[in-house]
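Order-wise, the sequence lines are chains A and B. Read in order, the letters of the first sequence are residues 29 to 550 in the working numbering. Read in order, the letters of the second sequence are residues 684 to 787 in the working numbering. Note that the Cβ used here is the ideal one computed from N, Cα and C, for glycine as well.
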Amino acid sequence: MPRISEDFRQAMNWTHTWLGVVLGIVLFAVFWMGTLTVFAPEIDRWMIPETRIAYDGREISYDRLLTQLPPDAATSDYVNFVVPTERHPAIGIFYRDSEGAFQNLLLDPRTGAPISVTDSHAGSGFIYPFHLSLTIEWQDLGYWIVGLAALAMLLLLVSGIFVHRKIIAEFFVFRPQRKPRRATLDLHNLSSLVGLPFYALMPFSGLLIFASLYLPWGMAEPFGGDMDKAEAAISGAYDPGPRTGRPAPIASLDAMKRKAEAMWSEVEGAPVKTNLVRILNNGDDSAAVYFRNTFPKDRVVLSKYVAVLDGQTGKVIQNFAKPPIGEAAAWVEGAHFVQFGHWPLRWLYFLGGLGGCVMIATGNLFWLRSREGKLAHASLGYRTVEALTIGGVTGIIAATGAFFVANRLIPTDAFPVTGERADAEVQVFWLVWLIAFVHAAILRERAWAQQAWAIAALAVAAVASNALSTGDHIGMTLAGAEWAVAGMDLLLLITAGIAAWAGIRLAPSQTPARLFEPMPAE
Amino acid sequence: MAGNRQTAGSQRAPAGFGGALAVWRLLVGFVGGYALVSGFVALTGSALPLLGMERGEALSLASLFALFVYVPTCLFILSTRRPWRNGTIMLMLAAAMIAAAVVI
Numbered sequence: 029m030p031r032i033s034e035d036f037r038q039a040m041n042w043t044h045t046w047l048g049v050v051l052g053i054v055l056f057a058v059f060w061m062g063t064l065t066v067f068a069p070e071i072d073r074w075m076i077p078e079t080r081i082a083y084d085g086r087e088i089s090y091d092r093l094l095t096q097l098p099p100d101a102a103t104s105d106y107v108n109f110v111v112p113t114e115r116h117p118a119i120g121i122f123y124r125d126s127e128g129a130f131q132n133l134l135l136d137p138r139t140g141a142p143i144s145v146t147d148s149h150a151g152s153g154f155i156y157p158f159h160l161s162l163t164i165e166w167q168d169l170g171y172w173i174v175g176l177a178a179l180a181m182l183l184l185l186v187s188g189i190f191v192h193r194k195i196i197a198e199f200f201v202f203r204p205q206r207k208p209r210r211a212t213l214d215l216h217n218l219s220s221l222v223g224l225p226f227y228a229l230m231p232f233s234g235l236l237i238f239a240s241l242y243l244p245w246g247m248a249e250p251f252g253g254d255m256d257k258a259e260a261a262i263s264g265a266y267d268p269g270p271r272t273g274r275p276a277p278i279a280s281l282d283a284m285k286r287k288a289e290a291m292w293s294e295v296e297g298a299p300v301k302t303n304l305v306r307i308l309n310n311g312d313d314s315a316a317v318y319f320r321n322t323f324p325k326d327r328v329v330l331s332k333y334v335a336v337l338d339g340q341t342g343k344v345i346q347n348f349a350k351p352p353i354g355e356a357a358a359w360v361e362g363a364h365f366v367q368f369g370h371w372p373l374r375w376l377y378f379l380g381g382l383g384g385c386v387m388i389a390t391g392n393l394f395w396l397r398s399r400e401g402k403l404a405h406a407s408l409g410y411r412t413v414e415a416l417t418i419g420g421v422t423g424i425i426a427a428t429g430a431f432f433v434a435n436r437l438i439p440t441d442a443f444p445v446t447g448e449r450a451d452a453e454v455q456v457f458w459l460v461w462l463i464a465f466v467h468a469a470i471l472r473e474r475a476w477a478q479q480a481w482a483i484a485a486l487a488v489a490a491v492a493s494n495a496l497s498t499g500d501h502i503g504m505t506l507a508g509a510e511w512a513v514a515g516m517d518l519l520l521l522i523t524a525g526i527a528a529w530a531g532i533r534l535a536p537s538q539t540p541a542r543l544f545e546p547m548p549a550e
Numbered sequence: 684m685a686g687n688r689q690t691a692g693s694q695r696a697p698a699g700f701g702g703a704l705a706v707w708r709l710l711v712g713f714v715g716g717y718a719l720v721s722g723f724v725a726l727t728g729s730a731l732p733l734l735g736m737e738r739g740e741a742l743s744l745a746s747l748f749a750l751f752v753y754v755p756t757c758l759f760i761l762s763t764r765r766p767w768r769n770g771t772i773m774l775m776l777a778a779a780m781i782a783a784a785v786v787i
């Protein structure tokens, strides 16, 4: 093996340090929201209490649903039914309205009637998109920032192995009683190595999912620059072409659904269900119905099967199954989405995400601590990184807590400054996050403990306001085995406990000497 | 002791990372690397079908390997002792791949 030169190590050190400092806070935000996204459907049920309905696994008749749609949806040319599951007990429907805007509705699986729900973006509408794009939609800028952070994460992992090269020797070394800087570095190394394969898989698969967004030219060029053709070849996307303008009724959706599922099950040798019933060119004689096995419960691979049937005759127009390499890629993507039915693994993803948060936060902390008590401590650069780290770590957690509390406390008929009630919850999130950065910039180290206490208070307030506003207090949800709501409340209480403990430990009065102890060259 | 050499975050930039060189490394590594990986994906997706692979499969394969091209390229440009020469070679390689993909 060739010797690794000191130059190379220094270069890796430089790369690791500066990518970490510049993008660490973006990475933390993406990891934090990604960790929560693992439980996005459960967060949805907590934030939208009307959807806390028991899933009974009944067969849904989409023919019947089609007859009782609200007029706006019934006349839409693009109607999607999302098949209910245990984690999404309500039937989802989204459609394009007459003005071209997308509308979402939830239907009660027992009656098919629309459920009047709390207007909230909740987990799937805010936390999940934040994970992908920080919800910065302008020119897809948010996606590019997150993509750059994901690339940086891969570079950080590789360079980190060289920087912390004694990592194997230090794997079992954690010295919490040692100086804070030493302990921070131990915790950084420990949390990094424990989850290393997971931390590598997440940015890798995440970037792969958005390959066509990040490489628009490269992915389209082999198909003559036509991305639609590329998508059709890779994922079975289907374009029904323009409407003919000749109205025609649609054939039985239920019969078509059975046909598609039977076709897939025969190939797979096991039952395969559709997750999506999509009507294209609805009401026209060019109508087509699109079915997709997006999230199988017993497989990692996403969207392996897509079937498109003629809307009038029910004949199969397209029967797509992912070819081998496409299936391998869909497996990697499925490992990111974690939609398969495996609860222990889902919890491991959650813990892995939190481990990533610890790794990123301790990395930034180490940068700060190795400069504490030095001249740089007063510099603008140091103070900026310090404020970004505090606001980016405890600040975003507190802002998330405020988002939950706002969800329970904003009245249903509230008219905030801009837009709708759901947007007001999100505005609370951004406002609290902004305040956290300002707070950290002013109070510096003292902000840690105060923000930890804010997290504890908000988490307790969220649990209390859920109990008061819905009556589903934790005793009741536990007794009734409503795991989504009970789990969310329990995690909030655990968060409150940890935050309070951190608040006590970080209180400046107890550890000023240690925090400000100048670090001699070790 | 173990921590002796862990100087992550030393104050001075190491040799080869001053001013213009650092900017060149970052630009060529990230932006040039992006051009290279675009060229790689386009070329792989266009060339493998000539050998009989299905076009969609070739593109899936290319996208799976894209980061195995991008990440080492970035790290190489960030760490090479001859950033000007190797960066220029890398940019020329990216241009060649893009040109080849367009021609095929």
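Mind pulling the chain A residues with CB within less than 7 Å of B:PHE700? TRP42
Name the chain A residues that come within less than 7 Å of B:VAL714, Cβ to Cβ? Within 7 Å Cβ-Cβ: nothing; B:VAL714 doesn't reach chain A, min ~11 Å.
Using a Cβ cut-off of 7 Å (strictly closer), state whether B:PRO766 contacts chain A. no
Leaving out five residues before and five after A:GLY362 in sequence, what residues of the same chain have Cβ atoms less than 6 Å from its Cβ? VAL328, VAL329 and LEU330
Excluding sequence positions up to five away, which residues of its chain have a Cβ less than 6 Å from the Cβ of A:ALA487? GLY429, LEU520, THR523 and ALA524
Measure the C-alpha to C-alpha separation of A:TRP359 and A:THR322 and round it to an integer number of angstroms. 12 Å
Look at the Cβ atom of A:PHE109, then the Cβ atom of A:TYR83, and state whether they are nearer than 7 Å. no
Below 8 Å on C-beta distance, what does B:LEU637 contact in chain A? Residue 637 of chain B falls outside the range modelled here, since chain B spans only 684 to 787, and no answer is possible.
Nearest to A:ILE164 by alpha carbon, out of A:ARG306, A:VAL54, A:ALA248 and A:VAL66? A:VAL54
Give the residues of chain A in contact with B:LEU704, contact being defined as C-beta atoms less than 8 Å apart. Correct list: empty, because the minimum Cβ distance to chain A is about 11 Å.
Would you tell me roughly how many angstroms separate the C-alpha atoms of A:PRO546 and A:GLY447, rounded to the nearest one? A caution first: A:PRO546 carries a pLDDT of 45, below 50, which makes its placement in the model too unreliable to give a value.
Which value, in whole angstroms, describes the spacing of the CA atoms of A:LEU169 and A:GLN455? 20 Å
Taking 7 Å as the CB-CB limit, is B:LEU744 close to chain A? yes
Per DSSP, what kind of secondary structure is A:PRO351 in: helix, strand or coil? coil
Delimiting residues of the beta strand (DSSP E) encompassing A:ARG124: 119 to 124
Compare the beta carbon distance of B:GLY739 and A:ILE237 with 7 Å and say whether it is the shorter of the two. no
Only counting the same chain, and skipping five residues up and downstream in sequence, which positions put a Cβ closer than 8 Å to that of A:LYS194? none
Over what stretch of residues does the beta strand (DSSP E) that includes A:TYR106 continue unbroken? 106 to 110
By the 7 Å beta-carbon criterion, what residues does the stretch 770 to 784 of chain B contribute toward chain A? ALA784
Going by beta-carbon coordinates alone, are A:MET291 and A:SER187 separated by less than 7 Å? no
CA-to-CA distance, B:VAL785 to A:ASP35, given in whole angstroms: 38 Å
Flag B:VAL754 as yes if its beta-carbon sits less than 7 Å from any beta-carbon of chain A, otherwise no. yes
A:VAL317 - containing beta strand (DSSP E), residue span: 316 to 320
Could you say which of A:ASN310, A:LEU160 and A:ILE71 lies nearest to A:ARG115 if we only look at CA atoms? A:ILE71
Alpha carbons only, please: which of A:MET284, A:ASP326, A:PRO277 and A:ARG306 is nearest the one belonging to A:GLY297? A:ASP326
According to DSSP, A:VAL336 sits in a beta bridge with which residue or residues? A:TYR318 and A:GLN346
Using beta-carbon positions only, say whether A:ALA180 and A:LEU93 come within less than 7 Å of one another. no
7 Å Cβ cut-off: residues of chain A touching B:VAL724: LEU243, GLY246 and MET247
Given a threshold of 16 other Cβ atoms within 10 Å of its Cβ, counted over all protein chains shown, does A:LEU47 qualify as buried or as exposed? buried
Identify which residue in A:TYR171, A:TRP375 and A:THR341 has its Cα closest to the Cα of A:PHE67. A:TRP375
Strictly below 7 Å CB to CB, what residues from chain B border A:ILE262? GLY739, LEU742 and SER743
With DSSP run on the structure shown, which of helix, strand or coil describes A:GLN96? coil
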